[in-house]
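There are 2 protein chains.
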Amino acid sequence: MDKTGSDQTTEDKILEAAKNVFVAKGMSGARMQDIANEAGINKALLHYYFRSKEKLFEVIFKAAVSRLVPRITAILESDLPLFTKIERFCENYIDTVMQSPFIPLFVINEMNKQPEEFILKIWGDQKPGLQIFFKQVEEAVATRLIRPIHPHQLLTHIVSLNIFPFVAKPIIFFVTGMNTQEYKEFMIARKKEIPEFIINSIKI
Amino acid sequence: MDKTGSDQTTEDKILEAAKNVFVAKGMSGARMQDIANEAGINKALLHYYFRSKEKLFEVIFKAAVSRLVPRITAILESDLPLFTKIERFCENYIDTVMQSPFIPLFVINEMNKQPEEFILKIWGDQKPGLQIFFKQVEEAVATRLIRPIHPHQLLTHIVSLNIFPFVAKPIIFFVTGMNTQEYKEFMIARKKEIPEFIINSIKI
DNA sequence: GTCTATATTCCGATAGAC
DNA sequence: GTCTATCGGAATATAGAC
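Heads up: the protein sequence lines correspond to chains Y and B, in order. Going letter by letter, the first sequence gives residues 61 to 264 in this note's numbering. Going letter by letter, the second sequence gives residues 61 to 264 in this note's numbering.
This is the structure in structure tokens:
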């Protein structure tokens with residue numbers, strides 16, 4: 061099962077190549093020729109398997125969303141205690157995203173650029189039910205486990221602290237003068253730093 | 061001085077139109093024809109004022125960076141006390157960005173997509189000296205004003221909490237089910253919520 | 001299924017009249 | 001400075017041989 065080997069089906073090679081190119085350059089910046097080169101085939105074959113660039117993009121984008129969203133919601137929707145949940149989420153999220161660090165910006169960017177009807181077609185059923193998490197936060201406030209805070213605000217805090225450093229990587233480089241190795245250590249440190257930062261703030 | 065009126069010079073009309081189109085669609089998604097339409101002129105005139113799409117983009121991107129970066133650094137580089145600084149920063153940043161909320165994603169996205177030499181040409185001198193802020197955080201730790209935290213981590217926390225909700229607006233809509241008005245109120249509430257969240261976490 | 005060759009559309013850029 | 005018309009190349013997509 062060598063992901064880059066020649067035992068992949070042509071369709072798989074196309075999908076992997078398309079993912080790499082679309083994620084790196086975005087829908088409008090990607091070229092069918094780039095994808096064909098990356099897959100080691102020619103342009104015509106792309107259109108044989110997927111009718112158009114738009115159809116191919118739709119498949120890739122949907123797959124990216126389908127992998128990113130559950131990654132965020134699964135732990136938050138579990139029945140763990142609130143603080144444990146926050147700790148697990150940060151560790152787990154940063155670990156997985158470090159392996160494909162450009163996916164978040166890809167999804168965020170296309171969510172902002174693609175027409176709304178396209179986005180609706182993708183998310184349609186995906187709309188995550190985070191009500192369990194919101195309820196849990198409200199209860200934690202009611203029982204004085206944490207200080208008063210709106211669940212939407214807390215969720216946004218958590219997600220912002222985890223995702224933003226990935227999308228802003230070039231800015232962090234410029235501002236701090238880190239090199240690649242230091243950036244990696246910085247992100248690993250955040251797996252502990254973020255939950256500590258959050259829990260320190262909300263616990264009573 | 062009507063910004064949308066016809067008393068603008070042609071160059072100003074082009075610059076404003078180009079900003080709107082580039083920010084909305086990105087470098088690769090923008091079309092010279094779109095910019096010409098938005099400016100109420102024709103394509104040829106774009107090339108008369110700015111030699112190429114790339115040159116025009118460079119002007120727009122540089123302007124965006126030059127307006128965004130000082131906005132972040134000015135307050136952080138001031139000589140205010142640490143907590144006051146954090147409060148002012150959040151209020152000020154969210155206020156100004158709410159007036160052109162797509163600039164941060166534009167800058168972040170192009171920083172990731174444009175070749176490094178292009179970015180270097182833009183930032184060149186801009187490299188902000190946040191050493192004052194970093195020193196201040198270290199001193200605050202040393203004097204037990206705040207708990208131990210690496211200055212880079214704290215800065216990243218602050219910036220993440222402020223910027224991310226703008227770039228992730230469509231995701232917030234889907235996840236929380238907010239409408240436009242609720243989103244606006246949500247962002248206004250963050251002007252107080254974020255500094256409270258941060259200071260609560262780091263103060264001893 | 002896979003390729004080469006070609007059609008077709010689009011887009012950045014220029015020529016040249018006014 | 002501003003316009004219309006057009007060039008030339010690039011990109012998506014299709015035709016047709018194998």
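C-beta atoms are modelled at their ideal positions from N, C-alpha and C, and glycine is treated no differently.
- Taking a Cβ-Cβ cut-off of 9 Å, Met92(B) has no neighbours in chain Y, whose nearest Cβ is about 14 Å from it.
- By the Cβ neighbour-count rule, Lys115(Y) is exposed, with fewer than 16 other Cβ atoms within 10 Å of its own.
- Within the model, the alpha-carbon separation for Ile254(B) versus Met171(Y) is close to 25 Å.
- In terms of Cβ geometry, Val167(Y) and Leu106(Y) do not form a close pair [threshold 8 Å].
- Cα atoms of Val157(B) and Phe110(Y): separation of roughly 40 Å, rounded to the nearest angstrom.
- For Thr236(Y), a Cβ of chain B is located within less than 8 Å of the residue's own Cβ.
- Three or more Cβ pairs closer than 8 Å define a contact, and the segment 191-203 of chain B meets that threshold against the segment 136-150 of chain B.
- In chain order, Val167, Ile182, Trp183 and Gln186 place their CB closer than 8 Å to the CB of Val125(Y), counting only its own chain and leaving out the 5 sequence neighbours on each side.
- The segment 229-248 of chain Y makes no contact with the segment 224-239 of chain B, as fewer than three CB pairs between them are under 8 Å.
- Exclusion of the five residues before and after Ile163(Y) leaves Val83, Ala124, Arg127, Leu128 and Val157 as the residues of its chain whose Cβ lies within less than 8 Å of its Cβ.
- Between Phe193(B) and Glu256(B), the CB-CB gap reaches or exceeds 8 Å.
- In the DSSP assignment, Lys263(Y) is bridged to Ile206(Y).
- Distance from the CA of Phe178(B) to the CA of Glu118(B), rounded to the nearest whole angstrom, comes to 9 Å.
- Unbroken alpha helix (DSSP H) stretches of 4 residues or longer found wholly inside the segment 79-145 of chain Y: 92-99, 103-109 and 113-136, given in chain order.
- Closest by C-alpha distance to Ile258(Y), out of Ile146(Y), Gly89(Y), Lys73(Y) and Met92(Y), is Ile146(Y).
- The DSSP-derived three-state label of Asn172(B) is helix.
- Residues of the segment 207-232 of chain B with a C-beta less than 8 Å from any C-beta of chain Y: Arg207, Ile209, His210, His212, Gln213, Leu215, Thr216, His217, Val219, Ser220, Leu221, Ile223, Phe224, Pro225, Val227, Ala228, Lys229, Pro230, Ile231 and Ile232, listed in chain order.
- Around Ser160(Y), the same chain offers no residue with a beta carbon nearer than 6 Å, after the five sequence neighbours per side are excluded.
- Phe234(B): member of the alpha helix (DSSP H) spanning Lys229 to Thr236, first to last residue.
- Within chain B, His217 and Ser261 have C-beta atoms less than 7 Å from the C-beta of Phe257(Y), given in sequence order.
- Here DSSP, grouped into helix, strand and coil, assigns Leu190(B) to coil.
- Sixteen is the threshold: since fewer than 16 other Cβ atoms of the shown chains lie within 10 Å of the Cβ of Gln93(Y), the residue is exposed.
- Pairing Ser112(B) with Lys103(B), the inter-Cα distance amounts to about 11 Å.
- Here Ile264(Y) is not near Ile218(Y), since their CB atoms are 8 Å or more apart.
- Legend: CB atoms of the segment 71-88 of chain Y lying less than 9 Å from CB atoms of chain B belong to residues Ala84, Lys85, Gly86, Met87 and Ser88.
- The Cβ of Ala249(B) sits closer than 8 Å to at least one Cβ of chain Y.
- Val81(Y) is not a Cβ neighbour of Ile101(Y), given a cutoff of 8 Å.
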